[in-house]
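Reading through the structure tokens given below for one structure.
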Ligand code: PAF
């Protein structure tokens with residue numbers, strides 16, 4: 020039987036009340052749809068670890084700025100449901116905007132300090148929107164465990180800190196980045212790339228490979244590494260670089276002198292598409 024998405028908070032509450040009364044653990048995989056193998060790895064982790072899995076699909080307008088791609092963002096709902104069904108997912112929450120933000124909705128989460136760096140400098144309202152919707156989804160699904168991808172490295176830090184600071188009783192599981200065979204990190208936004216842009220987009224993972232090798236060979240000068248990262252990105256044909264940094268994986272403070280572990284993070288535009296990627300270097 021094709022999945023019948025749950026569309027209202029009330030129906031979700033009935034379902035989760037049933038799970039709770041049967042003492043079943045609930046895993047939630049929050050997504051904005053346009054599901055790829057990265058999302059499906061989160062779903063697989065939840066199916067493996069939790070008694071019940073709820074996947075949420077909601078393109079959250081509050082995390083897009085006015086100049087961003089909200090209206091273009093891909094919404095292939097039928098294909099998403101088919102992918103989830105093939106994995107054995109039974110519960111998918113697909114709320115309309117009015118379910119999440121009914122008339123008069125006026126509360127939002129002020130995200131933790133770590134939200135102000137990197138992405139926060141280029142997308143100042145983004146993490147407020149993410150934190151608000153994620154907190155709502157965690158509450159609505161009554162999740163015991165929530166699954167997020169390392170691809171959105173800073174998002175994970177923001178959510179982990181929000182959950183700790185606000186005493187949200189949920190375990191956050193972070194799953195590895197899933198890449199194409201040639202290294203391109205999977206992203207719902209990759210569909211925007213034409214063939215030539217896709218080749219250029221590969222530069223991001225190539226730079227991360229290079230940085231990992233450099234640091235592995237003993238390079239400790241953060242300034243030199245970052246200068247090389249930027250140069251490689253430009254030489255590789257990216258349109259512009261928002262940031263290319265080596266930072267502390269907890270605080271995202273950038274390091275003049277590299278001492279492991281660190282995370283290398285990149286945000287760059289290829290044509291009109293903004294891409295992010297990262298690598299933890301231990
Ligand atoms: O990572 C995403 O897809 C979104 O930011 C999330 C966590 C589903 C919140 O809208």
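Numbering (our numbering), first residue to last: 20 to 301. Idealized CB from N, CA, C, for every residue including glycine. Since the structure is predicted, the reported quantities are computational estimates derived from the model, not experimental observations.
Item                                                                                                                            : Value
Beta-carbon separation (whole angstroms), residue 109 vs residue 22, contact threshold 8 Å                                      : 7 Å
Residues whose Cβ lies closer than 6 Å to any heavy atom of the ligand PAF, in chain order                                      : 49, 50, 51, 79, 82, 149, 152, 153, 171 and 174
Alpha helix (DSSP H) segments (min. 4 residues) lying fully within the segment 41 to 79                                         : 56 to 68
Cut-off 6 Å between Cβ atoms - residues of its own chain near residue 273, not counting five sequence neighbours on either side : 264 and 266
Same chain only: Cβ atoms within 8 Å of residue 171, ignoring 5 sequence neighbours per side                                    : 295
Supposed contact pair residue 241 and residue 276 - C-beta distance, whole angstroms, cut 8 Å                                   : 6 Å
Buried versus exposed call for residue 49 [16 or more other C-beta atoms within 10 Å across all chains shown]                   : buried
Per DSSP, cross-strand counterpart(s) of residue 142                                                                            : None; residue 142 has no bridge partner.
Length of the line joining the Cα atoms of residue 201 and residue 255                                                          : 15 Å
C-beta atoms of residue 103 and residue 62 nearer than 8 Å                                                                      : yes
Buried/exposed call for residue 185, threshold 16 Cβ in 10 Å                                                                    : exposed
Element boundaries [beta strand (DSSP E), containing residue 284]                                                               : 281 to 289
Alpha helix (DSSP H) runs wholly inside the segment 190 to 234, at least 4 long, in chain order                                 : none
Burial state of residue 70 (16 or more Cβ within 10 Å)                                                                          : exposed
Euclidean distance between Cα positions of residue 116 and residue 227                                                          : 37 Å
For residue 242, the three-state DSSP class (helix, strand or coil)                                                             : helix
Beta carbon of residue 73 nearer than 8 Å to that of residue 126                                                                : no
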